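In what follows, a single structure is set out as structure tokens and then discussed.
Numbering (the numbering used here), first residue to last: 678 to 1339.
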């Protein structure tokens, strides 16, 4: 009679292949990130046991570059892969206030039962001096975890102190939903948004509280959803709902804290105040929510400490400015709108450092879209940066700017160290983290970048810009199944799909994504709808799909005649197409043209963002090309690697004077 296999767990149509590190359902392998499978293996190896969130993080990540919020996304991926309904789970259960538990169907043997059926271990006699000290059979769970750790799937090289955390009390998780505007004219939505945003930011300061980001919470604006459905979507235990009614200078604000799993009210209060007291109302609500959740919170005005504003008009404009960015609306019209909004912010509140930062960023973005005005716009941005350094030299924004200046001066090690301090000293927001993420990516630390961005995405699971950037990161790291899974998830998010669709186009072209010629044509049509892609080169490429020689001929012309390719803003397209078609010589030539179009490449003063071109070509073997190696040397990347000993992923020294990448 065949014996159960200790290296795999099978029940119904599910197979968890521990040895092969695969999950199969209905005979089809499910695309899972390595960390997701490691979490599944941890839980499934000990069915019925509740694992705390801290315990999972310690076992799988070692708390490196991640927060407990990362688990929310991993559990969503696992439920999808297992075919689970979070409201009526069969296997993967959330134990609110503690963590997660994996239950087997009643007819299925546990891994430990399977193991003991093959290798029964006799119990040793109990020690006479220790009642109840009888040894038990070695659980397969320990074996699985050891195997995964040895293979690099779990966090290794643990700091002194050793074993997993025994803390089974994770942070309470909370989403602050958009407050409803109940004003007679319905024209106070900006004030309601600002109120919810300030409360969210203040609560996020509590280390013991896990708070979902604004973009993800805002997806439920104007929707009267079932708290249980909203809680499942955001994977949180609590929801804070509210409404605002303004009548001239009088405010009436109601806030209500509910449990997401039951909809039961935990706390509620109504505040009748003057308009000028709106920020005091925010602080009162934050204190009371923290008290209801038994969380310590030293309420200080988040905006004051972070360089923001307490001017309602300026704050409303900042929210609108940030929303454009979060939705990935990066075309010239929206760039102009962001400049206008930022100019209005600083006019309303000249001491708002975040507002000045928004203006500088918007001017630089517009400069990329308007070459004729580039010099003047960049000069104005530099003037704004100098002002920030004068009015708030110790702010995190000024320190981030200092790190960027050091980068352009060639002080890469100092720049990365300071940028990391900024990223780790506050909430994991796009404004704090992204310059650091680009520095890591520029130096070829792709997996480290992914871990960082995944941590931010755990807070903002519904932000398209995070999904888009992770798709590029996964693709560069050649983690193609993860890139595809994130592409499918991101298709349901609000914002521009230009970047994701171009990655999908190149993936199909390279044979790494399904769909063939029909899918290529559909993606080509979607991309042509974007102004940046409507170029002579890309239009001609559409007529040649399926003819590799003809497509490569179009790429050569685009490299030789930049105007045909669409100019600097579309320089990434020929590089991506040549790489996907497997022509490393042509791809590296297009890449060089792309980098040469970036300011500062020849002088060594290039900002970190254009460096992404070096790593966005994973298909054709560009990274082993001699000209690619020469570009790494010219860009200062190799000097940084040799100085720090931290080589990029897939790269390393080859003798005393050479190096190689794959």
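C-beta: ideal position from N, C-alpha, C; glycine also. Here the structure is a predicted model, which is why all the values come from computation and not from measurement.
Secondary-structure assignment with DSSP links residue 887 through a beta bridge to 850. The Cβ neighbour count for residue 968, taken over all protein chains shown within 10 Å, is under 16; the residue is labelled exposed.
Contact between the region 937-952 and the region 856-864 is absent: fewer than three C-beta pairs spanning the two stretches fall below 8 Å. If the five residues before and after residue 1124 are omitted, its C-beta is found closer than 7 Å to the C-beta atoms of 1154 and 1326, all from its own chain and listed in chain order.
Under DSSP, residue 771 takes part in a beta bridge, and its partners are 777.
Remark: C-beta atoms of residue 1107 and residue 1143 approach each other more closely than 9 Å. Exposed is the label assigned to residue 1194, since fewer than 16 other Cβ atoms lie within 10 Å of its Cβ. In the three-state scheme derived from DSSP, where H, G and I count as helix and E and B as strand, residue 1336 is classed as strand. Between the C-alpha atoms of residue 999 and residue 1268 there is a straight-line separation of about 31 Å. For the set 722, 1191, 1134 and 985, the Cα lying nearest the Cα of residue 1065 is the one of 985. CA-CA distance, residue 729 to residue 1137, rounds to 22 Å. Counting the other Cβ atoms within 10 Å of the Cβ of residue 1280 gives fewer than 16, which makes it exposed. Cβ-Cβ distances below 8 Å link residue 700 to 691, 692, 693, 694, 706, 707, 709, 714, 717, 758 and 759 in the same chain, with the five nearest sequence neighbours on each side left out; the list follows chain order. Taking the CA atoms as reference points, residue 1062 sits about 28 Å from residue 1244. The alpha carbon of residue 1311 has as its nearest neighbour, out of 1330, 703 and 1282, the alpha carbon of 1282. In its chain, beyond the 5 residues on either side, 1185 and 1222 have a beta carbon closer than 6 Å to the beta carbon of residue 1197. Annotated three-state conformation of residue 1106 is coil, per DSSP. In the structure shown, the three-state DSSP call for residue 942 is strand. For the set 1253, 1233, 1247 and 1246, the Cα lying nearest the Cα of residue 1187 is the one of 1253. Within the same chain, Cβ atoms closer than 6 Å to the Cβ of residue 727 are found at 772, 775, 776 and 778, the five residues on either side in sequence being excluded. Residue burial annotation: residue 1109 is buried, with at least 16 other C-beta atoms found within 10 angstroms of its C-beta.
In this structure, residue 1205 lies away from residue 1179, with their beta-carbon atoms at least 9 Å apart. Looking at 751, 1211 and 724, the one whose alpha-carbon comes closest to that of residue 767 is 724.
Every beta strand (DSSP E) of 3 residues or more that sits fully in the region 680-751 is shown, in chain order, as 685-688, 691-694, 699-702 and 727-729. In the structure shown, residue 1196 adopts helical secondary structure according to DSSP, grouped into three states. Here residue 971 is exposed. Its C-beta has fewer than 16 other C-beta atoms within 10 Å. Residue 951 carries a strand assignment under DSSP once its states are collapsed to helix, strand and coil. In terms of Cβ geometry, residue 1214 and residue 1250 form a close pair [threshold 9 Å]. Membership of residue 1238 in any alpha helix (DSSP H) is not indicated, and neither H nor E is assigned to it by DSSP. Using a Cβ-Cβ distance cut-off of 8 Å, the region 1151-1166 and the region 1285-1300 are in contact, since at least three pairs of beta carbons, one from each stretch, lie closer than that value. For residue 1222, there is no enclosing alpha helix (DSSP H), as DSSP gives it neither H nor E.
Annotation: residue 1058 to residue 1331 spans about 43 Å, alpha carbon to alpha carbon.
By the C-beta density criterion, residue 1238 is exposed, having fewer than 16 other C-beta atoms within 10 angstroms. Put simply, the backbone Cα of residue 1132 is about 8 Å away from that of residue 1105. For residue 1328, the uninterrupted beta strand (DSSP E) segment begins and ends at 1328-1331.
Cβ-Cβ distances below 6 Å link residue 1177 to 1145, 1148, 1164 and 1167 in the same chain, with the five nearest sequence neighbours on each side left out; the list follows chain order.
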